[in-house]
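Read top to bottom, the protein sequences are chains A, B, C and D.
Note that numbering that gives the first Met the number 0 has the first sequence beginning at 0, numbered continuously upward.
Note that numbering that gives the first Met the number 0 has the second sequence beginning at 0, numbered continuously upward.
Note that numbering that gives the first Met the number 0 has the third sequence beginning at 0, numbered continuously upward.
Note that numbering that gives the first Met the number 0 has the fourth sequence beginning at 0, numbered continuously upward.
Where a beta carbon is used, it is the ideal one built from N, C-alpha and C, also for glycine.
Computed from a prediction, not measured in an experiment: that's the story for all the values here.
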Amino acid sequence: MAKMNMVQALNLALAQEMEKDDRVILLGEDIGKDGGVFRVTEGLLEKFGPERVLDTPLAESAIAGCSIGMAIYGLKPVSEMQFSGFSYFAFHQMEAHASRMRNRSGGRYTVPMVLRAPYGGGVRALEHHSESREIYWAHTPGLKMVIPSTPRLARALLVSAIRDPDPVVFYEPKAVYRAFREEVPEEEETFPIGKSRVARQGSDITLISYGASLMATLEAASQLSEKDGVECEVIDLLSLSPMDDELFTQSVQKTGRAVVVHEAHATYGAGAEIIARVVEKALLYLEAPIVRATGFDIAIPLYQREKYYLPTVERIQRSVRQTLAF
Amino acid sequence: MAKMNMVQALNLALAQEMEKDDRVILLGEDIGKDGGVFRVTEGLLEKFGPERVLDTPLAESAIAGCSIGMAIYGLKPVSEMQFSGFSYFAFHQMEAHASRMRNRSGGRYTVPMVLRAPYGGGVRALEHHSESREIYWAHTPGLKMVIPSTPRLARALLVSAIRDPDPVVFYEPKAVYRAFREEVPEEEETFPIGKSRVARQGSDITLISYGASLMATLEAASQLSEKDGVECEVIDLLSLSPMDDELFTQSVQKTGRAVVVHEAHATYGAGAEIIARVVEKALLYLEAPIVRATGFDIAIPLYQREKYYLPTVERIQRSVRQTLAF
Amino acid sequence: MPIQQIDLAYRVKYLSILDQEGKVDQALDPALPEELLLKLYRGMVLGRSFDERMLILQRQGKLGTFAPVKGQEAQIGAAAALEPQDWIIPSFRETPVEIWRGKPMESVLLYYSGYSECEPLPEGLNLLPVSVPVGSQMSHAVGIGLGMKYRGQKAVAATFFGDGATSQGDFHEAMNFAAVYRAPVIFICQNNQWAISLPRKRQTNSATLAQKALAYDMEGIQVDGNDVLAVYRAVREAADRGRAGGGPTLIELITYRLSMHTTADDPQKYRSEEEVAQWQSKDPITRFEKYLTNKGLLGQQDIPLIAQDIKAQISQAEQRWEQITQKALDPLDMFENTYAQMPPALLDQRQMLKRELEESL
Amino acid sequence: MPIQQIDLAYRVKYLSILDQEGKVDQALDPALPEELLLKLYRGMVLGRSFDERMLILQRQGKLGTFAPVKGQEAQIGAAAALEPQDWIIPSFRETPVEIWRGKPMESVLLYYSGYSECEPLPEGLNLLPVSVPVGSQMSHAVGIGLGMKYRGQKAVAATFFGDGATSQGDFHEAMNFAAVYRAPVIFICQNNQWAISLPRKRQTNSATLAQKALAYDMEGIQVDGNDVLAVYRAVREAADRGRAGGGPTLIELITYRLSMHTTADDPQKYRSEEEVAQWQSKDPITRFEKYLTNKGLLGQQDIPLIAQDIKAQISQAEQRWEQITQKALDPLDMFENTYAQMPPALLDQRQMLKRELEESL
Ligand SMILES: Cc1ncc(C[n+]2csc(CCOP(=O)(O)OP(=O)(O)O)c2C)c(N)n1
Ligand SMILES: Cc1ncc(C[n+]2csc(CCOP(=O)(O)OP(=O)(O)O)c2C)c(N)n1
Ligand SMILES: [Mg+2]
Ligand SMILES: [Mg+2]
């Protein structure tokens, strides 16, 4: 087992799946010689050649559309959107075709593709490079939407996404890319899409988060334990669609309180759906309103203001204390 | 006062605003000679000429992009997406530019445009012609998102949208277009964007809906009153963004129960946000889980199955009874 | 030297083989076997008859909106020029091509009568479903073409679209990708002069659509799209080129939509009857009929016989369609095929509808 | 007759006025006043110096990612050829053009140091903010051009973009709209040979980018983009044409990005030093300097004086920038300008952050 950061773990997943399955093909801008602007595809062109690692012209809609065609033909394209902020150029392709082909062909054609995209703030990036708009995809039936939080999970989830028979939008938290290392086993590992996990056990309150925000959430949980003696149970959502509402509902039934943490805008964000599910399935267990510690309803600002926009460790703790004090 | 259907009422709004303000320009596919495929722009080319009613080539992204440029220049473009299902071709333009220009130019440039689009099921339309994906827009900061429910409100809201200093996405419920007529005053009328209204008063339970679903909701309310003696308060949301959470929260505080009705998919739909707001602001008033009587998490099926997909009068009544029985 | 001319010497070829009188240009005649000629004729007549029948069914309320194909039946020349291993990626005005390829007529009827997913296409047709969002299907053809290339398959992907579709960004992106990768793709533009109410001249400023190929240094050709032999030949050449590694081709078929855009459209609002009448004289079927008659392949008595035969074929398809729709299809089917496996929330929703349906019995 | 040739006789002009040795082609020389020639020189030197300074600030951690412009400074020929009433719709590699137009350098620094909305652009510049999503700004230029046409204003909208941007669907749609409506738009493509790591040849299959204009029967021209006089002349002609109602023009500027794509990029991963060296010899500034020197407009002592003067100008801008950022800008500002009026939920969120900030004091 080697210690890897998330970039390396993703690279491992791609390399191994390409080795194992010659249907796996990569497409994207600068993913070849350059190895991707974040180096996730580093070395893969050299290893697998230009037939399997396509440096594409600058056109996101065609990248998605070609991937759809390839997938229908029987390949397993993994295409990269250089930043999630530009994936909306391909939105209509994913909405109208990737998500529906199985359904509209009565199951005759399927689109087992993965659309990878780095997302989120926290790395001093340019405008349009830090969005967290996973809901656009998660609200679209026929697509799956996954966001890993650690290197090991990223590797396992990407392997699962590639093997999934349906199109998966795979957002990679840039802020985690090189934030820390984790043991990642050389041997095959998968993680079921549609399942969440308990990232920390606790009994006083449930924190539900995903992606880059999980780091701040875990840090808040550990500070709350130290400073306030409050034990937070932290749920790492992982799959935004399909959503695993069982795990967090069970946790809330145990703790009676919850805070949702994500960097996406609050309004119509994932938090809303999480709250709705808890209300539907466990209203009577709720001892306080579920608070949303999330990004605000403004485009994420340039990097000097990001720290005020993103749900910080402080904001999460505040929200927990507020919920506990209710 | 003339009795008008929604198509006529929208046409009146456009004609009068164009008359009053020479900055108002229309763009869209087939909106000129053809008068629009639903005839909303009928007669306007003849009246205002081809400089103000532009029959455009078939390219939604350019329609939106041109509108953005025109709006920055100082005009007030009202552009039509022939069906909301094709508006996603323009999604990146609205997301990256229309919604952010005011912010990213420090207020120097603004985009007072309206993006009109017929949406929703119930008219035996083709594939991709019946979506209800308002959340894509409503989750996007910097855009406003409005859906009228009656002819008179459609006229008033469209006038407000045209005069609004910010970009407004204006979804028109096709199923209401010719469903009924209503008195629409000749003289100017506006309706504030960001405000909801009480469409029916009641004290037992609150039904929150918008757009075409409001018809079924009101019908359900009237049947419930007759058959069960249950008095529903019906809130017509009208603005999905900004959302008027005060009106429905007050109503739920009074009734203690609520059902949300919309034809959009349940998961990550408007219902989720409504529930989240009620939980945040009025949890302790809730006597039962808020039920979502909505479209399912599948692409809206072709027309033979629409009646099973859409929230019918029956489904709404069922949901109300279930909530009351909790 | 300061002002240089980079001479691209670009010319757009215009190919036509069969004139309005049914006279053939011997030098260009693809010299198809008689059997195929008759099959082409039948295909076009079937296209026309089925279209007419669908219009009646639509007016009776038995079908929803659809896009009539009348006047554009020579499109089957394209289908005939392709091999079964070639893929067809249609738009929404290629019903004759789809039927030629093997799509059952009852599938067409099921789709336009609002039953969607109940009957999957026969296996192995290499034919994608109708694509409604204009221009969006072309990049799928490029992806399929790249797949063929990757697998070393000697085949091409042919995609159909209208003149209006050339305005879409997706058209440009697909053309560019295909040219960059020399993908075996045939872009078949049915320039039927109208995109709903917008005439071709106001759709784009270029003299021809074929010349748009120059933007990608791609082969481009204009073809008399009402001439089934010319369509056949142009597509065959493009397919040969694609298979031989010569890359993509843009083919502009000059044709005309004689009927309405869709059954929801009223073309009298935006075009003159004279224009329609002019094009009526260029009817692809009449012309081919004359040719076959002159050639002695079609006797005067054959024409009504073939027409009757085709009518019978259509009414058999209608019967199968009615049988399927009368099977009391289970509305719960609509939950199938959104995913390979239904996620829990969807199972719950299905369960809810099931209960609703049971209670309402 | 069956196979006709539609002869489009399409040629792409290539315009170059000043060669690498600073020799001018007399016949084409736009004969600019001396003052303007010197202003152009200063503009280019400022562009280069500011770029170099920004790179240092970036390496010191004082700026975030930005796109260096080194090698492409002759772009200001375009800005100089336009009138103040003309609009400029830039991409992200037009800092010299923006400064020419009147954008304060401190605004540029504020933007790239991650302070966004605090200082709006000066009024009346007719200059849009940097556009990061590649290709997406061109249709805004078309909208502005249509606005000018509607208002009867004799002006043009000039939009800048890279070679990579020509692959985007939005490029195609904007070009098509502009040609259909004969909008007064100048499409200025800075073909700097690379889109990050993708060389121009693999971006698109066409021999030139200028020839893409033929797809819209639009004027298209290739220009030596390192020759500020040629850039000036080509844009001036396009602007004159646009104002006279002659419609849009596509101008391909052949230039080269001598530096990295952005400060986050390592060009050594994908291109050779020889290639860079080759282009270094075509440096737009050296060439123009020789020309001005030969012409007697620039003495040997002027060059360092101008350089110093510009350095001083830049450091004044830096000081203003530092003053602004040290003003302890209110983070609550970030809630402004999403809407003209803050909606209630946003007011609540602002209130929440306000409380957070107060408590954390
Ligand atoms: C992206 C998109 N925008 C709008 C429409 C509505 N629409 C359907 S067909 C059509 C015109 C298509 O014209 P053309 O491409 O020439 O094909 P034709 O209908 O003439 O066969 C339009 C605007 C659509 N289906 N998809
Ligand atoms: C829509 C979109 N996709 C991807 C990117 C990331 N990106 C930024 S610049 C660039 C290359 C642009 O190349 P070109 O158009 O030639 O301009 P240049 O950078 O060479 O000036 C890419 C891929 C982006 N900004 N926008
Ligand atoms: Mg057409
Ligand atoms: Mg470039």
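Can you tell which of the options has the C-alpha that lies nearest to the C-alpha of residue i?
i	options	result
L142 (chain A)	A:A160, A:S131, A:E130	A:A160
Q249 (chain B)	B:G201, B:E50, B:A324	B:G201
Y180 (chain D)	D:K148, D:G101, D:F186	D:K148
F65 (chain C)	B:R123, B:C231, B:F247	B:R123
S129 (chain A)	A:H138, A:T139, A:A137, A:Y118	A:Y118
L328 (chain D)	A:D243, A:K19, A:A178, A:Q303	A:Q303
Y269 (chain C)	B:L25, B:T293, B:G31, B:R314	B:G31
Check this for me: beta carbons of residue i and residue j, under 8 Å apart or not?
i	j	result
D339 (chain A)	R201 (chain D)	A query on residue 339 (chain A) cannot be resolved here, the shown segment of chain A reaching from 0 to 325 and no further.
T40 (chain B)	L13 (chain B)	yes
I204 (chain A)	V229 (chain A)	yes
N336 (chain D)	G105 (chain B)	yes
Determine, for residue i, whether the minimum Cβ-Cβ distance to residues of chain B falls below 8 Å.
i	result
L57 (chain A)	no
Y269 (chain C)	yes
Q15 (chain C)	This sequence places Ser at residue 15 (chain C); Gln is not what is there. Not an interface residue.
Is there a Cβ of chain C sitting closer than 8 Å to that of residue i, yes or no?
i	result
A214 (chain D)	yes
L125 (chain B)	yes
D227 (chain B)	no
S78 (chain A)	no
R201 (chain D)	yes
D29 (chain A)	no
M137 (chain D)	no
So residue i contacts chain D; which residues on that side make the cut at Cβ distance below 7 Å?
i	result
K211 (chain C)	A214
For a cutoff of 8 Å on Cβ pairs, would you count residue i as touching chain A?
i	result
F334 (chain D)	yes
M0 (chain C)	The predicted model places M0 (chain C) with a pLDDT of 41, which falls under 50 and marks its position as unreliable; any figure quoted below should be read in that light. M0 (chain C) does not count as touching chain A.
S196 (chain D)	yes
Check the Cβ of residue i against every Cβ in chain A and list those closer than 7 Å, keeping chain order.
i	result
L145 (chain C)	C65, M69
D340 (chain B)	A query on residue 340 (chain B) cannot be resolved here, the shown segment of chain B reaching from 0 to 325 and no further.
A324 (chain B)	The premise fails here: A324 (chain B) is roughly 14 Å from chain A at the closest Cβ pair, so nothing lies under 7 Å.
How would you list, in chain order, the residues of chain C whose beta-carbon sits under 9 Å from the beta-carbon of residue i?
i	result
S60 (chain B)	Q167, G168
E93 (chain A)	Reading off the sequence shown, one finds Met at residue 93 (chain A), where the question assumed Glu. Under the 9 Å cutoff, chain C gives no residues; its nearest Cβ is about 11 Å from M93 (chain A).
Run through chain B and tell me which residues come within less than 7 Å of residue i, C-beta to C-beta.
i	result
P247 (chain D)	Here the premise fails: no neighbours, minimum Cβ distance about 13 Å.
Indicate the three-state DSSP secondary structure (helix, strand or coil) for residue i in the structure shown.
i	result
Q152 (chain D)	coil
K38 (chain D)	helix
P283 (chain C)	helix
M0 (chain C)	At M0 (chain C), the pLDDT of 41 sits below 50, so the modelled position is not reliable; the number obtained from the coordinates is stated separately. Three-state result, M0 (chain C): coil.
H91 (chain A)	helix
D235 (chain B)	strand
E355 (chain D)	helix
Q7 (chain A)	helix
K211 (chain C)	helix
S271 (chain D)	coil
Run through chain A and tell me which residues come within less than 8 Å of residue i, C-beta to C-beta.
i	result
A140 (chain C)	G68
At 7 Å on the CB atoms, spell out the chain F contacts of residue i, in chain order.
i	result
T266 (chain A)	Here the protein chains are A, B, C and D, and chain F is not one of them.
Taking only beta-carbon atoms, is residue i less than 8 Å away from chain D?
i	result
N204 (chain C)	yes
Could you list which residues in chain C have their beta carbon closer than 8 Å to that of residue i, in chain order?
i	result
G106 (chain A)	E116, P119, E335, N336
Under 7 Å from any heavy atom of ligand 5, does the C-beta of residue i make it?
i	result
A194 (chain D)	Ligand 5 is absent from the structure shown, which contains only ligand 1, ligand 2, ligand 3 and ligand 4.
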